[in-house]
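Trainee: The structure's right below; bear with me while I get my questions together.
Protein chains: 2
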Amino acid sequence: MDEEIADQTAAINMEQEPVEEPSKNALKKANKQKKLAEEKANKSATNTTKEAARSEAKKLIGYGISQACDDGNAKQGITSIDVAKDEDFSAWYQQTLTKGDFLDYYDVSGCYILKPASWFIWEQIRDWFDLRIKKVGVRNCAFPLFVSEEVLQREKAHIEGFAAEVAWVTHAGSAKLDKKIAIRPTSETVMYPYYAKWIRSHRDLPLRLNQWNSVVRWEFKNPTPFLRTREFHWQEGHTAYLTQEDASKEVLQILEFYAGVYEELLAVPVIRGRKTDKEKFAGGDYTTTVEGYIAATGRGIQGGTSHHLGQNFSKMFGISVEDPSAKEGEKKAAINVFQNSWGLSTRTIGVMVMTHGDDRGLVVPPRVSEIQVVIVPVGITAKSSEDERTSLHKQVDALEEILKAENIRVEADKRGYSPGWKFNDWEMRGVPLRLEFGPKDSAAHCVTTSRRDIEGNDGKGTIQITELAAGVKSLLSSIQKDLYGRADKVFKDHTKTITSWDDFVPALNDKNVCLIPHCLTEKCEDEIKEMSARTDSDEVVDEKAPAMGVRTFSEPILALTLKKECLL
Amino acid sequence: MDEEIADQTAAINMEQEPVEEPSKNALKKANKQKKLAEEKANKSATNTTKEAARSEAKKLIGYGISQACDDGNAKQGITSIDVAKDEDFSAWYQQTLTKGDFLDYYDVSGCYILKPASWFIWEQIRDWFDLRIKKVGVRNCAFPLFVSEEVLQREKAHIEGFAAEVAWVTHAGSAKLDKKIAIRPTSETVMYPYYAKWIRSHRDLPLRLNQWNSVVRWEFKNPTPFLRTREFHWQEGHTAYLTQEDASKEVLQILEFYAGVYEELLAVPVIRGRKTDKEKFAGGDYTTTVEGYIAATGRGIQGGTSHHLGQNFSKMFGISVEDPSAKEGEKKAAINVFQNSWGLSTRTIGVMVMTHGDDRGLVVPPRVSEIQVVIVPVGITAKSSEDERTSLHKQVDALEEILKAENIRVEADKRGYSPGWKFNDWEMRGVPLRLEFGPKDSAAHCVTTSRRDIEGNDGKGTIQITELAAGVKSLLSSIQKDLYGRADKVFKDHTKTITSWDDFVPALNDKNVCLIPHCLTEKCEDEIKEMSARTDSDEVVDEKAPAMGVRTFSEPILALTLKKECLL
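Residue numbers (this note's numbering), protein chains in the order written: chain A, 1294 to 1861; chain B, 1294 to 1861.
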């Protein structure tokens, strides 16, 4: 599948450098920040022994972006996102992910470490989606990571889309393998020879398999965490039907589940659409997609794709059954099965971060946040007695227990840092709701609440302790709803229907998604892309795929507005 | 970790050939079976068009073992396991897995397709284990598949254990990479440079991460499905503690969870133990293990390992914190953290199959079986009217609904095959409970039950329809309990305490696990292995690791009986 590939809508020009080469700008910022942190540092001196022991390890993994984001000393002071989202979106995205503890850079370029807070979100998506596909009859399985060269190259149009990015294993230990072996870039050709073997009768249909795995596409340009990575995690569904009608129904059923992941879990609005032939999945009949909108860049972004493969692969791989409608005694014709494939990746998490994150860092919707509520004890000063501290911590523990009992994912932060430091830390991590609890709250039998999604006093409130669980649940539910509502308004406000060419490029430059009439010929599509691209001569164009790097419109949305006449 | 490696106890001499080279014997059997099936086939002729279209695909994936197991024509007749478990264990295991629809062979040797029924079991294990480790504070994450050569080779003793089996990626597309990149054989060296970066203070401890992934060890000899495969799925936990005491506690806590997976889910008894120094994980301090017993071979089998790594890796990778117990003003010494790693793989499924499977195929414990109950309509003959058939099927649907409503995983089999064919099919697949329902049952308001784990009339019974759900639940619970009970009795009956050398080899030859006094020196260990090996000169010895291929005793059990005196 083309989750990370034929992806012009994701061309948001994330120009950050890979970890090996931090930009001069980033280094300057890092140094400035480090200095600041050192001044603020309330600890005396760097432990040189420790640093020495660690330096070798640091060398091994490269010490690039991490300098800018997570220096040991900086941690003693207040670390924060030091670039605004609308100022340098790429740098903001990097910092938000690393300082928010979602991700770390890795010493193999284009690969990233997904830390527990982001992996938890992927697990939520998995469980939600898995429940739904299993209910409709899809079964999970596991095909191997490896595929032989011969099998990989079976479907020509398909492999052309991936050939340049296939990682090859040529050696095991010190021995050279007889034949090099590919790491799957997607599993159509891995699985379909076995579909040919397993599907022997119409009784074996539909065959609906899915797997949660990782695939490898060795992209050489501009890796971007979650959006464009050399190894990425996803699910890939592969199904076979007797009739095109049934297969087509499934394509949309799955697309609706993908929309649900975005809308219900991640609070991200998406548009369901169909790609143009030029942009569809290589080897398939047509591609449907859910597309989001990143306000900061004004670009559409591909969210997940559900493909109808028609009989292209089934003919190549000889997947057929006898026509069950043939009458007794008639020669039973062989019918090639109709196939779909569909994939949703950890890209979902990147889209979520870009949609909701702000200048203070991550903002995570409650339904997918590993920690939904953090409780921070406040009002304890140097003058407070040990008894006062102990008593407050005990009460905080009790509050935590009340919420845990209601299956709210809560953490009481009793670490030895100041409340201000903690507030900032949890804000960077995007925890949706903070409860503050001090002697004054205790006396008033309430907790102070602070919503992550609304800054300042507008996001503050109190809940009586007697109504703690219900109050927290209600707030979490409001946060989830409001995050979606705000993103949806922004998306709608930036969706323009354009009927004249003169309005088109200005609308794009105003960060809009444009609905246009279009004849759907490839010639016009290319021309529109080229002409809109020219307005952005200062932008970096991806050499590998010139049509993808330009500021262009979203094909799926275009396809939705299918009309015979054309903007050109 | 050494899940699939330093694994003398798994030396059950599975001598089956890889898929590329089906043995002459297997081919002979296959042909014989094919002929029989063709004779029995109630369909007229092979559809040659279909076969032609498929033949190309068959060539691609190799058409070895599949011929023996799953030929298209064979499916029309009764397919069954055509070799007894105690006659040719290796062939029995192969057939049981493929005909039971757990697994298919793959055209990259040593890699296998885990089909939905076996993958479902792995998901059950994952959910069960995940719940428990999360409860005690472990968090999941995802580190990359790849590791650079430099990082991989950091810990010498460790890499020595894996070097010969590491798969290397050298090319991407047609481009040669500057530096070759390894596919992780396990993730110690992948993760620990980052532990050094992330762990900055004792406040960051314990750090407890886990991942569910696959790793690659390119073994060159005797691949065996689930037990010894080039890619395998597992979880790997990696944790760091301030004190050895806390780390050691975790080692046993995890080991107990592993035992729980076997005992509670898979109904397989295991012994908890500790490996000798010779057999421990390369680079670690000590290795604990759960070990099962395969009665058919009389061998112990490693089930899962939980290692204490001590400070070996933390010294290598510079993972340290300042001593928090240092007094104010004192120089704070750097303490290297104490680490554990622990892994449990899909090998669990192989052990389960070997333990419970019988001459009719798989036997799957109810708790992990994808389908717990199958309902087969019976008593419909050629003479029955269409109304009678429809009416029976409706009643069967109603029974299915009753059980589904109680969250019992049930399937009504209304396919167009004979009841006998279906009985056999579901028995091969190991579905724990079959309900038969025909006009006679309907008239008597009951269903006929047939337990997979008890053959013939002893396993039969009836349940009144009014008590269907309760009756089925009770039966499933009995089956789970009885499977464990029987396996446990066999294990206990074959566990012998031996105090004289003269009794030792005969006891081993009688398929016993032996508890012996031992001084725990490596010299004696080697001698005992060598001397016991000599008794089996006709067995194939694994050239790569001579000490592992012989019929030997189980180290962990030996270690459990630690005494100063020695059998030698």
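Glycine residues also receive a C-beta, built at the ideal position from the N, C-alpha and C atoms.
All figures in this text were calculated on a predicted structure; none of them were measured in a lab.
Could you spell out where the alpha helix (DSSP H) holding A/GLY1553 opens and where it closes?
Mentor: 1537-1553
Trainee: Jot down the residue ranges of each uninterrupted alpha helix (DSSP H) in the stretch 1496-1539 of chain A, minimum 4 residues, whole runs only, in chain order.
Mentor: none
Trainee: Could you name the residues that DSSP lists as bridge partners for A/LEU1670?
Mentor: Before going on, a small fix: residue 1670 of chain A reads as Pro here, not Leu. Answer by DSSP bridge pairing, in chain order: A/PHE1730.
Trainee: Is B/SER1441 close to chain A? Criterion is C-beta to C-beta, closer than 7 angstroms.
Mentor: yes
Trainee: Between the Cα of B/GLY1530 and those of B/TYR1485, B/GLU1693 and B/ALA1489, spot the shortest distance and give me the residue it belongs to.
Mentor: B/TYR1485
Trainee: Which value, in whole angstroms, describes the spacing of the CA atoms of A/GLY1842 and A/CYS1807?
Mentor: Unreliable positioning characterises A/GLY1842 in this predicted model, as indicated by a pLDDT of 27, which lies under 50. A coordinate reading is not provided.
Trainee: Determine the contact status of A/GLN1665 and A/ILE1701, defining contact as a CB-CB distance below 7 angstroms.
Mentor: yes
Trainee: Only counting the same chain, and skipping five residues up and downstream in sequence, which positions put a Cβ closer than 7 angstroms to that of A/LEU1655?
Mentor: Answer for A/LEU1655: THR1389, GLY1393, PHE1395, VAL1646, MET1721, ARG1722 and GLY1723, listed in chain order.
Trainee: Compare the C-beta of B/LYS1782 against all C-beta atoms of chain A and say whether one is closer than 7 angstroms.
Mentor: no
Trainee: Tell me which same chain residues have a C-beta within less than 8 angstroms of the C-beta of A/ALA1762, skipping the five on either side of it?
Mentor: Cβ contact annotation for A/ALA1762 (same chain, cutoff 8 angstroms, sequence separation greater than five): ILE1695, LEU1696, ALA1698, GLU1699 and ILE1701, in chain order.
Trainee: Is there at least one Cβ from chain B nearer than 7 angstroms to A/GLN1360's Cβ?
Mentor: Caution is warranted here: a pLDDT of 37 is assigned to A/GLN1360, below 50, making its placement in the model unreliable, and the coordinate value is therefore given only provisionally. Chain B, which has no Cβ nearer than 7 angstroms to the Cβ of A/GLN1360, makes this no.
Trainee: Would you mind telling me which residues of chain A sit closer than 8 angstroms to B/LEU1502, beta carbon to beta carbon, in chain order?
Mentor: PRO1409
Trainee: Residues bridged to A/TRP1461 by DSSP?
Mentor: According to DSSP, residue pairing for A/TRP1461 in a beta bridge involves A/ALA1475 and B/HIS1464.
Trainee: Taking three-plus beta-carbon pairs below 8 angstroms as touching, is the stretch 1425-1432 of chain B in contact with the stretch 1461-1478 of chain B?
Mentor: The stretch 1425-1432 of chain B is not in contact with the stretch 1461-1478 of chain B.
Trainee: If contact means a Cβ-Cβ distance below 8 angstroms, which residues of the stretch 1396-1408 of chain B contact chain A?
Mentor: Under the 8 angstroms Cβ criterion, the stretch 1396-1408 of chain B contributes ASP1397, TYR1399, ASP1400, VAL1401, CYS1404, TYR1405, ILE1406, LEU1407 and LYS1408.
Trainee: Which residues share a DSSP beta bridge with A/ASN1629?
Mentor: A/SER1613
Trainee: Which residues of chain B have a Cβ atom closer than 8 angstroms to the Cβ of A/ASN1433, listed in chain order?
Mentor: PRO1409, TRP1412, PHE1413 and GLU1416
Trainee: For A/GLN1382, which residues in the same chain have their Cβ closer than 7 angstroms to its Cβ, ignoring the five residues on either side in sequence?
Mentor: As written in the sequence, residue 1382 of chain A is Phe, which differs from the Gln given in the question. Same-chain partners within the cutoff: ALA1589 and THR1590.
Trainee: Do the stretch 1442-1451 of chain B and the stretch 1488-1502 of chain B meet, that is, are 3 or more Cβ pairs less than 8 angstroms apart?
Mentor: no
Trainee: What whole-angstrom Cβ distance do B/GLU1729 and B/VAL1669 have, given they're in contact under 8 angstroms?
Mentor: 5 angstroms
Trainee: Specify the secondary structure class of B/GLU1584 as computed by DSSP and reduced to three states.
Mentor: strand
Trainee: Please identify the residue among A/TYR1386, A/ILE1406, A/LYS1676 and A/THR1814 whose C-alpha is closest to the C-alpha of B/VAL1483.
Mentor: A/ILE1406
Trainee: From which residue to which residue does the alpha helix (DSSP H) around A/ARG1702 run?
Mentor: Looking at the DSSP string, A/ARG1702 is not in any alpha helix (DSSP H), and its letter there is neither H nor E.
Trainee: Contact between the stretch 1522-1529 of chain A and the stretch 1617-1632 of chain A: three or more CB pairs below 8 angstroms?
Mentor: no
Trainee: Measuring only between beta-carbons, confirm whether A/HIS1464 sits less than 7 angstroms from chain B.
Mentor: A/HIS1464 counts as touching chain B.
Trainee: Apart from the five residues on each side of it in sequence, which residues of its chain come closer than 6 angstroms, Cβ to Cβ, to B/ASP1597?
Mentor: For clarity, residue 1597 of chain B is Gly in the given sequence; the question names Asp instead. TYR1551, VAL1583 and LEU1637.
Trainee: Rounded to whole angstroms, what is the Cα-Cα separation between A/THR1463 and B/LEU1470?
Mentor: Straight-line measurement puts the Cα of B/LEU1470 at about 12 angstroms from the Cα of A/THR1463.
Trainee: Please report the distance separating the alpha-carbon of B/ILE1673 from that of B/GLY1731.
Mentor: 7 angstroms
Trainee: Just checking, does the stretch 1785-1794 of chain B make contact with the stretch 1808-1827 of chain B on the three C-beta pairs under 8 angstroms criterion?
Mentor: Segments in contact, yes.
Trainee: Within its chain, find whatever has a CB closer than 6 angstroms to the CB of B/PRO1659; leave out the 5 residues flanking it on each side and keep chain order.
Mentor: Correct list, in chain order: GLN1665, PRO1725, LEU1769, ILE1772 and GLN1773.
Trainee: Assign B/GLY1713 to one of three DSSP states: helix, strand, or coil.
Mentor: helix
Trainee: Check the Cβ-Cβ distances between B/ALA1475 and every residue of chain A, and say whether any is below 7 angstroms.
Mentor: no
Trainee: In terms of residue numbering, what span does the beta strand (DSSP E) encompassing B/ASP1862 cover?
Mentor: Nothing in the structure corresponds to residue 1862 of chain B, since chain B is present only between 1294 and 1861.
Trainee: Run down chain A in chain order and give the residues with a C-beta less than 7 angstroms from the C-beta of B/SER1507.
Mentor: LEU1438
Trainee: By a C-beta neighbour count over all protein chains shown, 10 Å radius and 16 as the cutoff for buried, is B/ALA1468 buried or exposed?
Mentor: exposed
Trainee: Could you spell out the range, first to last residue, of the alpha helix (DSSP H) harbouring B/PHE1395?
Mentor: Premise fails: B/PHE1395 is in no alpha helix (DSSP H) and is neither H nor E.
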